[in-house]
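Asks:
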Amino acid sequence: MSHLLHEFLLAAARTAPHRPAVVEFLGDDRTRVVSYRELDDLVGRYAETLRGLDLEVGERVVLDSDTSASAIAALLACATLGLTFVPVSPETPDQRVRTIVAATEPALYLSAGEGARPGVEGGFGVARFGPDGCEILRRPTAHAGLPARPSSGPRREVAATDIAYMIFTSGTTGRPKGVMMSHRAVTSFYRGMLTQRIVGPHDRVATTSPLQFDFSLLDIGLALASGAAVVPVPRARLRWPRRFLRVLRDTGASQVNGVPSIWRQVLRFEPDRLAELRSIRGVLFCGEDFPLPELRALRRALPEARLVNCYGATESMAASFTDVPDPLPPELTRLSIGFAHPGAEMLLVGEDGRPIEEPDVLGEIHLRSPALFSGYWRDRATTDATLVPDPVDPGSGRRVLRTGDLAYRGEGGELYFRGRTDSQVQIRGNRVELGEVERRLLEHPAVTAATALAPRGPDGETELAAFVVVAPGAGERETEAELTDFLAAALPAYMVPGELRALPALPVTANGKVDRAALAQLTEAAP
Ligand SMILES: Nc1ncnc2c1ncn2[C@@H]1O[C@H](COS(=O)(=O)NC(=O)C[C@H](N)c2ccccc2)[C@@H](O)[C@H]1O
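Numbering-wise (the working numbering), the sequence shown opens with residue 8 and increments by one.
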């Protein structure tokens, strides 16, 4: 199997060209199937058009689209030419696209729509792509960003260490960081993922994440590397439980991947309709803790499905795949993130820099893996703070990924996620792990989802606040009052939120994670 992304993902085009590679939902009862042969042909046609621009390996291409057969062909065409694609999607605000364009100085803006976003200026070329081909609307005026190569001609050979894509994550500093992932890192991760045998050639993998989120790239890799089909779920259909389930039914989806929040409204309002979808054999989720009451509801609706908790960061695409216990023991209060996929290792490191082997001791996860990113784009300092010397042998020169995630080991050595290092807050001088407040809230029978945060109040004091979603039928106001007592009965006073509110739903970010910044704005402490 090749170390190059496009060869790795199109291998099935040679062995099973007629099998479906992408199944697109066109509207109720109407789908469009694109075979591996057709996908491969589209990649070839796009690559031929892009080759005419005479770009060099390593130049950037901003790829602006929803997930679709054409978008998959576009990213594979970029990979074929060694062009680094930078995926953005309709959820990416124009301002953020402008920031990404300014940072990456792309040679080309490749869009499924009408071209570059309003206000996005630069010497880059503009091209539009679709099922019928790729059309150059404006040639690049300058190949920005690459040092001139006086001697030899432009670089054409694609090496596995070339950067396949760059994903911009909103760094905690607020300035987005460009995570550079090489062909070798991505295909190494895909190999590790394939050992889990999550899907086979007859599966149809529903992907619900926007192209700007690398979860979508995991889904595309999982499907295509397994000879299965990708089923892009239109984003607008995710918000309506019945419409979402209709897409899964009409496309014959057998695997459904997404962050926990995609299930929230389905489990609340349409659990029975979900239970009717016998074709669903597997669910994979990632990105944040899946609230256990909701996970139990998912298990009840899909008793036969394999549920996989996938943990990891964009800097290595992911790191571990852990099956949710079946049945889910009633007394279970925490989900394991298990062990790293074969070929990788998650170390726990204490504050003293020493590796932790014994159970029940909190440490920071450090990842050893062939899938590690190549660094943050033009940000050496942040890269060096993240790709740190191997804690087992600092003098060796080897580097590992410092994840910023806290965890502890269970009796069998398996890991349990315990929040981010920056989710440890000090409340009136006491250390508080926000996850602990959330877990206690989730133990209340009326609570189905909970988020705790510690916004800084107007007086500079850090106040504890919590937001919950209560089960249908549980009164929101009385539950709020009851919950404060429920927490006070189990937690020290400084861990009881001063503000506790029930919401019909938790706000989520474009990637579907709970939007803590939006919740902080709702608190009384907000300026
Ligand atoms: N299963 C988890 N439980 C609990 N906290 C988690 C979990 N998966 C991540 N996280 C958290 O999310 C952080 C990573 O955030 S991220 O860089 O935006 N990347 C992602 O969220 C998605 C990630 N690249 C990915 C893509 C595809 C499959 C799996 C994972 C991790 O460091 C954890 O803090």
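The C-beta atom is built at its ideal place from N, Cα and C for all residues, glycine as well.
What you are looking at is a predicted structure, and each value in this text was computed from that prediction instead of being measured.
Counting only runs that start and end within the region 231-297, where is the alpha helix (DSSP H) found for 4 or more residues in a row?
Replies: As far as the region 231-297 is concerned, its whole alpha helix (DSSP H) runs of at least 4 residues are 242-245, 248-258, 271-276 and 278-283.
Asks: Assign Phe-196 to one of three DSSP states: helix, strand, or coil.
Replies: Here Phe-196 sits in helix by DSSP.
Asks: Give the secondary structure of Asp-330 by DSSP, where H, G and I count as helix, E and B as strand, and everything else as coil.
Replies: If DSSP states are grouped into helix, strand and coil, Asp-330 belongs with the strands.
Asks: From Gly-132, Ala-527 and Ala-119, pick the residue whose C-alpha is nearest to that of Pro-138; which is it?
Replies: It is Ala-119 whose Cα lies nearest to the Cα of Pro-138.
Asks: The alpha helix (DSSP H) spanning Asp-492 covers which residue range?
Replies: Run containing Asp-492: 483-495, per the alpha helix (DSSP H) assignment.
Asks: Measuring CA to CA, which of Ser-327, Asp-400, Pro-349 and Leu-245 is closest to Arg-361?
Replies: That would be Asp-400, whose Cα lies nearest to the Cα of Arg-361.
Asks: Out of Ile-287, Leu-90 and Arg-44, which has the shortest C-alpha to C-alpha gap to Ala-54?
Replies: Nearest option by C-alpha distance: Leu-90.
Asks: What's the call for Glu-468, buried or exposed, on a 16-neighbour Cβ count within 10 Å?
Replies: With fewer than 16 Cβ atoms within 10 Å of its Cβ, Glu-468 is classed as exposed.
Asks: Using DSSP with H/G/I as helix, E/B as strand and the rest coil, what is His-373?
Replies: The answer is strand: DSSP assigns His-373 an E or B state.
Asks: Does at least one heavy atom of ligand 1 sit under 7 Å from the Cβ of Asn-437?
Replies: No.
Asks: Looking only at its chain, what residues have a beta carbon closer than 6 Å to the beta carbon of Arg-508, apart from the 5 residues adjacent to it on each side?
Replies: Around Arg-508: Phe-474.
Asks: With which residues is Phe-136 paired in a DSSP beta bridge?
Replies: Partner(s): Cys-141.
Asks: Thinking C-beta only, is Ala-351 closer than 8 Å to Ala-326?
Replies: Yes, they are a contact pair.
Asks: Count the other CB atoms, across all protein chains shown, that sit within 10 Å of the CB of Arg-425; report buried if there are 16 or more and exposed otherwise.
Replies: Classification of Arg-425: buried, given that the 10 Å Cβ count is 16 or more.
Asks: Please find out if some non-hydrogen atom of ligand 1 comes closer than 7 Å to the beta-carbon of Cys-317.
Replies: Yes, the Cβ of Cys-317 comes within 7 Å of a heavy atom of ligand 1.
Asks: Could you name the residues that DSSP lists as bridge partners for Ser-189?
Replies: Ser-189 pairs with Ile-170.
Asks: Between the Cα of Asp-466 and those of Leu-494, Arg-435 and Leu-448, spot the shortest distance and give me the residue it belongs to.
Replies: The shortest Cα separation from Asp-466 among Leu-494, Arg-435 and Leu-448 belongs to Arg-435.
Asks: Looking at ligand 1, does it come within less than 7 Å of Ile-6, judged from the CB to the closest heavy atom?
Replies: A query on residue 6 cannot be resolved here, the shown segment of the chain reaching from 8 to 534 and no further.
Asks: For the candidate residues Pro-396, Ser-268 and Met-187, whose alpha-carbon lies nearest to that of His-373?
Replies: The shortest C-alpha separation from His-373 is found at Pro-396.
Asks: Do you know how far the Cα of Ala-453 is from the Cα of Ala-478?
Replies: The straight-line gap from Cα to Cα measures roughly 5 Å.
Asks: On the DSSP letters alone, give me the boundaries of the alpha helix (DSSP H) that Ser-216 sits inside.
Replies: First-last for Ser-216: undefined, no H or E at that position.
Asks: Excluding sequence positions up to five away, which residues of its chain have a Cβ less than 8 Å from the Cβ of Pro-366?
Replies: Result list for Pro-366: Tyr-415, Arg-416, Gly-417, Glu-418 and Gly-420, in chain order.
Asks: Under 8 Å between the Cβ atoms of Gly-265 and Thr-215?
Replies: Against a cut-off of 8 Å, the Cβ pair of Thr-215 and Gly-265 comes out as a contact.
Asks: If the criterion is Cβ atoms closer than 8 Å, does the pair Leu-218 and Thr-74 meet it?
Replies: Closer than 8 Å, so yes.
Asks: Between which two residues does the alpha helix (DSSP H) carrying Arg-385 extend?
Replies: No alpha helix (DSSP H) holds Arg-385; DSSP gives it neither H nor E.
Asks: Express the C-alpha separation of Phe-297 and Gly-345 in angstroms, rounding to a whole number.
Replies: Cα-Cα distance, rounded: 15 Å.
Asks: Return the CA-CA distance between Gly-3 and Leu-494, expressed in angstroms with no decimal places.
Replies: Outside the shown range of the chain, which is 8 to 534, sits residue 3, and nothing can be said about it.
Asks: Contact between the region 236-244 and the region 270-290: three or more CB pairs below 8 Å?
Replies: Contact fails: fewer than three Cβ-Cβ distances are below 8 Å.
Asks: Could you say which of Ala-76, Thr-87, Val-40 and Arg-37 lies nearest to Thr-56 if we only look at CA atoms?
Replies: Closest by alpha carbon: Thr-87.
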